[in-house]
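Below is one structure, written out as structure tokens; the observations come after it.
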Amino acid sequence: MGTTRASIFSFSLLYVVVAILVLPLGLASANNASSVSFGYSGPNGPAKWGSLSPKYQACGSGKSQSPIDIRRKEAVEDKKLQKLEGNYRSVGASLINTGRNVMV
């Protein structure tokens, strides 16, 4: 019985030590994620998003940027498509305005 308690204690202690060592790494990466400043106009606007960070390179290729550019003059209506219907359930959520975007 003493061996089992010692094993549980050793495992618990190891778990706590690993958690203490790993937790700061996760916090550091979360802080670095928001260090890139982007905007919707000016020097950090959509035309520059692909060069703001290596992680945003896809925004510069014209394949994954936002917002979607729908060119109405080139769009072709498909008369076979049915109207879109929304069927949404109410859920609890909070909106946070950060000054440059809105988070849910």
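Per the UniProt record's numbering, residue 1 is the first one in the sequence shown, and the count goes up by one each step.
For each residue, glycine too, the CB sits at the ideal point set by N, CA and C.
Who does V104 pair with in a DSSP beta bridge? On the sequence shown, residue 104 is found 104 positions in, with the first residue counted as 1. Residue pairing by DSSP places V104 opposite no residue, since no beta bridge is assigned to it.
(request) Determine the contact status of residue 112 and A93, defining contact as a CB-CB distance below 8 Å. (result) No answer is possible for residue 112: the residues shown for the chain start at 1 and end at 104.
**OP:** In the DSSP assignment, find the alpha helix (DSSP H) that holds S61 and state where it starts and stops.
**Re:** Within the sequence shown, residue 61 is the residue found at index 61, counting from 1. First-last for S61: undefined, no H or E at that position.
Alpha-carbon spacing of S10 relative to V16, whole angstroms: Against the sequence shown, residue 10 aligns to sequence position 10. Against the sequence shown, residue 16 aligns to sequence position 16. The alpha-carbon separation between S10 and V16 amounts to approximately 10 Å.
Bridge partners of N97, per DSSP?
-> Against the sequence shown, residue 97 aligns to sequence position 97. Paired residues: V102.
* To do: Taking 8 Å as the cut-off, decide whether the C-beta atoms of V36 and L21 are in contact.
  => Translated into the one-based positions of the sequence shown, residue 36 becomes position 36. Translated into the one-based positions of the sequence shown, residue 21 becomes position 21. No. Outside cutoff.
Going along the chain, which residues of its own chain have a beta-carbon closer than 7 Å to the beta-carbon of F38, five neighbours each way excluded? Translated into the one-based positions of the sequence shown, residue 38 becomes position 38. Contacts found: N44, W49, L52.
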